[in-house]
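Inspection log for the structure reproduced underneath, given as structure tokens.
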Amino acid sequence: MRPDKTFFQRDALTVAEELLGNYLIRNISGQKIVAKIVETEAYCGTEDKGCHAFNNKRTKRTEPMFLTGGHAYIYLIYGMYHCLN
0 MRPDKTFFQR DALTVAEELL GNYLIRNISG QKIVAKIVET EAYCGTEDKG
50 CHAFNNKRTK RTEPMFLTGG HAYIYLIYGM YHCLN
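Following numbering that gives the first Met the number 0, the numbering of the sequence shown begins with 0 at its first residue and continues without gaps.
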């Protein structure tokens with residue numbers, strides 16, 4: 000399945016559940032990279048204390064969280080891993 004932006008413009012819980020088992024596919028310098036989605040988390044906006052956008056905290060880093068669904072929010076966690084939201 001290759002979802003269009005409307006897929007991501009639904010509630011986070013539904014999108015997180017339906018992403019399971021799908022693949023992220025990227026071509027970098029002619030090399031195809033494929034990753035299966037085996038785990039998801041759903042954050043429900045500015046009222047969710049676990050969300051980086053909690054309490055409408057807008058910074059340069061969190062700005063993608065305030066865009067419409069279909070945008071990626073990538074950040075470094077524990078100083079060593081990149082997370083994709």
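Note that CB positions come from ideal geometry on N, CA and C, so glycine has one too.
> Should Y77 go down as buried or exposed, given a rule of 16 or more other Cβ atoms within 10 Å for buried?
Replying inline: Position 78 of the sequence shown, counted from the start, is the residue given in the question as residue 77. Exposed is the call here.
> What are the boundary residues of the alpha helix (DSSP H) that includes K4?
Replying inline: The residue labelled residue 4 in the question sits at position 5 within the sequence shown. Looking at the DSSP string, the run of the alpha helix (DSSP H) that includes K4 is 4–7.
> Taking C-beta to C-beta, are H51 and T61 nearer than 7 angstroms?
Replying inline: Within the sequence shown, numbered from 1, the residue matching residue 51 stands at position 52. Within the sequence shown, numbered from 1, the residue matching residue 61 stands at position 62. In contact: H51 and T61 (Cβ atoms closer than 7 angstroms).
>> Please identify the residue among N26, I36, Q30, I24 whose C-alpha is closest to the C-alpha of V14.
In response: Taking the sequence shown and counting its residues from 1, the one referred to as residue 14 is at position 15. Selected option, being the one with the closest Cα: I36.
> Are the beta-carbon atoms belonging to N18 and T39 less than 7 angstroms from one another?
Replying inline: Counting from one through the sequence shown, the residue named residue 18 turns up at place 19. Counting from one through the sequence shown, the residue named residue 39 turns up at place 40. The residue asked about is misnamed: residue 18 is Leu in this sequence, not Asn. The answer is yes: Cβ separation under 7 angstroms.
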